[in-house]
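Those letters in the sequence shown? Residues 211 to 333, by our numbering. Glycine is no exception: its CB is placed at the ideal position from the N, C-alpha and C atoms. Here's the structure, in structure tokens; my notes come after.
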Amino acid sequence: MRKHSRSIQSKFTSLENQFLNTFFSGLYISANEFIEVGKKVDIKLGMNSRELLIKELLNKSDKEGTLNQVVALLNSIIEDRIAQYHSLSRDYPAAANALASLAQKANSTKSLLVRESQGNPYE
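This is the structure we're talking about:
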């Protein structure tokens, strides 16, 4: 008989998946960047996979009451990426359509980040 282990599902699962999938998020935030965000809000993150870092950062910051700061720091990173996309599209007009698509996806990720951090008002 096969045992099924159940892992505890994070309240930020959709956001975690969004950050892990660069096709949908339009950006890549490195493991080091997640660790640096954690340091800025006094959350020590060990060197793990990006998946574990994202999960740990969001859940620990929610538990410790620093989620709004983490969201602001992540939004800052996203804003920087969007600015880079716009700059690159001016420098390389042939890539403007692809870069505009990435910027749009990154803006959607930013909106999702804010929406998910506010939680469900009916809970």
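When we look at the beta-carbon of residue i and count the other beta-carbons within 10 Å, is it buried (16 or more) or exposed?
i	result
Ser-327	buried
His-214	At His-214, the pLDDT of 44 sits below 50, so the modelled position is not reliable; the number obtained from the coordinates is stated separately. Answer is exposed; the Cβ neighbour count stays below 16.
Arg-291	buried
Within the same chain, show all residues whose beta-carbon is closer than 6 Å to that of residue i, passing over the 5 residues directly before and after it, in chain order.
i	result
Tyr-295	Leu-309, Leu-312, Ala-313
Leu-341	The structure shown does not extend to residue 341, since the chain is modelled only from 211 to 333, so the question has no answer here.
Looking only at its own chain, which residues have a Cβ that is under 8 Å from the Cβ of residue i, when we skip the five neighbours before and after it?
i	result
Met-257	Ala-241, Ile-245
Glu-243	Ile-287
Ser-220	Glu-226, Lys-265, Leu-268, Asn-269
So residue i is in the alpha helix (DSSP H); what residue range does that whole segment cover?
i	result
Ala-293	277-301
Gly-248	241-250
Phe-229	223-230
Ser-271	260-274
Going by C-alpha to C-alpha distance, which of the options sits closest to residue i?
i	options	result
Glu-289	Ser-271, Gly-248, Ser-235, Asp-272	Ser-235
Val-251	Ser-297, Arg-260, Arg-291, Asp-272	Asp-272
Gly-275	Lys-315, Ser-259, Gly-248, Gln-228	Gly-248
Leu-230	Glu-261, Ser-220, Ala-293, Lys-254	Glu-261
Ala-293	Ala-304, Gln-279, Ala-316, Pro-303	Ala-316
Counting only the same chain and skipping the five closest in sequence on each side, list residues whose C-beta sits under 7 Å from that of residue i.
i	result
Leu-323	Leu-225, Val-281, Leu-284, Asn-285
Ala-306	Ser-299
Lys-320	Asn-285, Ile-288
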